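Heads up: the structure comes next, in structure tokens.
In my numbering, the protein residues as written are 5 to 269.
Spelled out as structure tokens, the structure:
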């Protein structure tokens with residue numbers, strides 16, 4: 005990648021000489037999903053949050069292939085590595101929510117030399133089969149974001165009132181504003197994703213966080229990750245798929261403790 009090649013939109017926070025922590029968002033959200041954790045994580049780390057293609061400030065044109073069905077999690081992981089390379093980052097800690105977590109899992113399996121530790125929040129090694137994601141991608145390509153944005157609160161939040169809070173409302177606005185081409189491509193990536201065969205090869209210290217009320221990636225998916233990744237820890241917090249927003253303090257505490265353990269080891 006050349007120095008002037010476009011990269012994922014991102015924001016860096018924290019000491020420039022501190023260990024790097026990359027934070028990956030979920031489908032339909034922006035890097036702002038991590039605002040509740042940012043201050044605590046940036047005390048001891050150079051935190052780099054990024055937007056997925058077609059989300060936030062990242063254009064869908066960053067995708068190497070935009071035709072329906074073409075995008076994979078490997079493509080998205082490649083964009084994350086491009087971002088790290090742009091900053092001269094070799095190894096990094098990684099935490100991700102949902103699709104952001106799938107990207108981290110892919111990197112930990114296929115590029116273990118880059119991943120110093122891994123935190124998987126409300127995510128899975130597979131996302132329930134390809135057909136529902138292909139149907140959602142087709143719907144968005146045909147009708148735009150409105151149909152899926154309308155159903156986001158039920159998918160994201162265990163507590164309906166979260167949708168009416170300032171943070172919940174901002175996340176829902178990000179969802180509605182996503183570029184249908186980028187969102188659909190990310191759905192294609194989830195449709196094709198199944199990293200279960202590679203989990204036993206993960207060497208990075210791994211923390212799994214599941215939401216007790218998560219209907220998108222239930223606790224059983226977190227348990228499968230923790231049971232399959234050697235030495236992984238599983239903790240269950242209250243809240244739904246976006247537990248980082250519904251239970252920010254609990255998630256923050258787990259991530260800070262995980263990073264401290266990883267750096268001690």
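Positions of the beta carbon are idealized from the N, C-alpha and C atoms, including for glycine. Values in this document were obtained by computation on a predicted structure and should not be read as measured data.
Secondary structure of residue i, DSSP reduced to three states
i: residue 266; result: helix
i: residue 60; result: coil
i: residue 250; result: helix
i: residue 224; result: helix
i: residue 121; result: strand
i: residue 49; result: coil
i: residue 1; result: What the structure shows of the chain is the stretch from 5 to 269, and residue 1 is not part of that stretch, so it cannot be assessed.
i: residue 165; result: helix
i: residue 6; result: At residue 6, the pLDDT of 46 sits below 50, so the modelled position is not reliable; the number obtained from the coordinates is stated separately. Three-state result, residue 6: coil.
i: residue 91; result: coil
i: residue 139; result: helix
i: residue 13; result: coil
i: residue 130; result: strand
i: residue 198; result: strand
Which residues DSSP lists as bridging residue i, in chain order
i: residue 237; result: 211
i: residue 110; result: The partner list for residue 110 (beta bridge, DSSP) is empty, contrary to what the question assumes.
i: residue 100; result: 28 and 124
i: residue 187; result: Residue 187 is not bridged to any residue.
Anticipated Cβ contact below 8 Å, residue i with residue j, distance rounded
i: residue 114; j: residue 198; result: The Cβ separation is near 14 Å, so there is no contact.
i: residue 58; j: residue 162; result: That belief does not hold up - the Cβ atoms of residue 58 and residue 162 are roughly 27 Å apart, past 8 Å.
i: residue 62; j: residue 103; result: 13 Å between Cβ atoms; not a contact.
i: residue 116; j: residue 204; result: Going by Cβ atoms, the distance from residue 116 to residue 204 rounds to 12 Å, so no, they are not a contact pair.
i: residue 259; j: residue 45; result: 6 Å
i: residue 33; j: residue 178; result: 5 Å
i: residue 101; j: residue 248; result: 6 Å
i: residue 185; j: residue 76; result: Not confirmed; about 16 Å, so no contact.
i: residue 121; j: residue 266; result: 4 Å
i: residue 200; j: residue 224; result: Not a contact, Cβ separation roughly 13 Å.
i: residue 99; j: residue 123; result: 4 Å
Distance, residue j Cα to residue i Cα
i: residue 119; j: residue 251; result: 26 Å
i: residue 272; j: residue 20; result: With the chain represented from 5 up to 269, any question about residue 272 goes unanswered, as that position is not in the structure.
i: residue 93; j: residue 220; result: 32 Å
i: residue 79; j: residue 10; result: 15 Å
i: residue 55; j: residue 25; result: 15 Å
i: residue 95; j: residue 235; result: 20 Å
i: residue 37; j: residue 173; result: 11 Å
i: residue 14; j: residue 53; result: 5 Å
i: residue 264; j: residue 229; result: 21 Å
i: residue 40; j: residue 246; result: 12 Å
i: residue 71; j: residue 83; result: 17 Å
i: residue 4; j: residue 254; result: Residue coverage of the chain in this structure runs from 5 to 269, which leaves residue 4 outside it and unanswerable.
i: residue 31; j: residue 144; result: 13 Å
i: residue 133; j: residue 106; result: 14 Å
i: residue 5; j: residue 206; result: Note that residue 5 scores 45 on pLDDT, short of 50, meaning its location in the model is unreliable; the coordinates nonetheless yield the value given after this. If you take the alpha carbons of residue 5 and residue 206, they lie about 27 Å apart.
i: residue 314; j: residue 159; result: The question about residue 314 has no answer here: the residues shown for the chain are numbered 5 through 269.
i: residue 261; j: residue 27; result: 16 Å
i: residue 257; j: residue 90; result: 30 Å
i: residue 50; j: residue 17; result: 6 Å
i: residue 170; j: residue 151; result: 22 Å
i: residue 153; j: residue 239; result: 29 Å
i: residue 149; j: residue 181; result: 8 Å
i: residue 108; j: residue 48; result: 20 Å
i: residue 135; j: residue 156; result: 19 Å
**Sufficient close CB pairs (3 or more, under 8 Å) joining the region 60 to 68 to the region 193 to 213** = no
**Item:** Meets three-Cβ-pair contact criterion under 8 Å: the region 219 to 233 and the region 181 to 196
**Value:** no
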